[in-house]
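Q: Attaching a single structure in structure tokens format; questions to follow.
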Amino acid sequence: MSQQSARATVRVFANPGSWIESDALVQCDQVAALDGMIRVAGMPDLHPGKGAPIGAAMLSSVLYPFLVGSDIGCGIAVFPIRIKRPNLERIAGRFPDLDRALTPDAPEWPDDIPAGHTDSLATVGRGNHFVELARIDSVLQPTGLAKGDLVLIVHSGSRGLGESILRAHTEVHGAGPAADPGAYLRAHDDAVRWGSLNRRLMAARVGRALGAEVGAPVVDECHNLVEVRDGLYLHRKGAARGDSREVLVAGTRGTPSYLVAAHAGAEANWSVAHGAGRKMSRSDALRRGKAKHTVAELRRTKVGSLVVCGDRQLLFEEAPTAYKRIEQVIGDLEAHGLATPVAVTVPLVTYKTRGQR
DNA sequence: ATGTAC
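Numbering (my numbering), first residue to last: 27 to 383.
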């Protein structure tokens, strides 16, 4: 039935010294064997995901919804924010409740909500998602930001909307291709717009709660989506658009993040990493973290930042030591000519969740 | 990563 064709290429853009979990490489090979697959590019933050690798851009003539996963539209946005004399304790205490959905009486309530999906609007979600007040620690290359400027970094996606889109497909077709790519893409595009709106609404909520002026985003890059390029489908799963633009590559809740000028070409599927990448599974991070860290040191980090996280389990799962070193990921991007560092941000206050769960 | 069930 399936015709014989040249197998897709797999290339991982990491230096030999950068450890990549072997399960993630196996997943890349499995993806490469899919019908229609042309080129799999693993980013230096590559790690195993649920059925498909995270930190990968996968170019194919066939559209596979499972390669993007449930959080369609997830991305990272950076907003300039002005606060006169930031008091971290006070800011942490005044952060809005981003676990609770926006209500229509809020001043931020938008006129146009993609897919009419109002559930969980302007909420951050869980997992690796966060909203962070950060300071520009150094500027390495001319850009619109200056040393000392404050920014709000928002990493979040489409919450239940993307999940429902993937589920609708999976219930009928499992890990198979989209039977009607156009229909999938129309729903998908709504989720991508919803994710971007979600990040803007959260920034606005934080600005209002802190009495701070929030500017238009200087970066807003989605790293989970399907991009149609020359009639082919480029599946991004934790891989940001990397062709001639600035992207924020997130560190961890307690280490710096990097704004980079991305200039990735076809061989890297026009992509760059989206973050530090997990070094261990959530269960390992919880087990090892409990032996290694106290809750107090995870809530007040080595760089002096505060982490608002009422959920102790999530705090351990998201510990900086559960992730690769961001400097190594950035070094790998540089070494392969995919990106050049532009500015370094250091966290001041990171919001994860108020709740206990 | 998610909403929901356990």
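Using N, Cα and C, we set each Cβ at its ideal position, and we do this for glycine too. This one's a predicted model, so the numbers in the text were calculated from it and none came from an experiment.
What does a CB cutoff of less than 8 Å around Pro207 pick up in its chain, not counting 5 residues either side in sequence?
A: Leu89 and Tyr259
Q: Hey, how far is the Cα of Asp71 from the Cα of Ser87?
A: 25 Å
Q: Secondary structure at Glu360, three-state DSSP: helix, strand or coil?
A: In this structure, DSSP gives Glu360 a helical state, which the three-state scheme calls helix.
Q: What is the C-beta distance between Val165 and Leu171, in whole angstroms, given that I count them as a contact (C-beta under 8 Å)?
A: Confirmed, about 7 Å.
Q: What residue range does the alpha helix (DSSP H) around Cys100 cover?
A: Element bounds for Cys100: n/a, residue is neither H nor E.
Q: In terms of DSSP beta bridges, what is Lys263 paired with?
A: Residue pairing from DSSP places Lys263 in a beta bridge opposite Ala82 and Asn250.
Q: Where Gly315 and Ile46 are concerned, what is the direct C-alpha to C-alpha distance, given to the nearest angstrom?
A: The straight-line gap from Cα to Cα measures roughly 20 Å.
Q: So, are the CB atoms of Arg108 and Glu239 less than 8 Å apart?
A: Yes; because the gap between Cβ atoms is below 8 Å, this pair is in contact.
Q: Tell me which same chain residues have a C-beta within less than 6 Å of the C-beta of Ile80, skipping the five on either side of it?
A: His73, Lys263 and Gly264
Q: Give the straight-line distance between the Cα atoms of Ala292 and Ile98, rounded to the nearest whole angstrom.
A: 23 Å
Q: Give me the Cα-Cα distance between His319 and Ala345, rounded to the nearest whole angstrom.
A: 9 Å
Q: Which one of Ile64, Gly237 and His289 has the shortest CA to CA distance from Arg33?
A: Ile64
Q: From this set, Asp123, Val333, Ala276 and Asp138, which residue's C-alpha is nearest Ala235's C-alpha?
A: Asp123
Q: Let me check understanding here. Comparing Cα to Cα, which of Gly75, Thr149 and Pro282 lies closest to Thr396?
A: Coverage of the chain is limited to positions 27 through 383, which leaves residue 396 absent and any answer about it impossible.
Q: Judging by CA-CA distance, which residue of Arg185, Val286, Lys350 and Glu323 is the nearest neighbour of Glu16?
A: In the structure displayed, the chain extends from 27 to 383; residue 16 sits before or after that span and is not available.
Q: For the 8 Å Cβ check, are there 3 or more pairs between the stretch 295–311 and the stretch 190–206?
A: no
Q: So what does DSSP say about Leu114, is it helix, strand or coil?
A: Note: Leu114 maps to helix in three-state DSSP.
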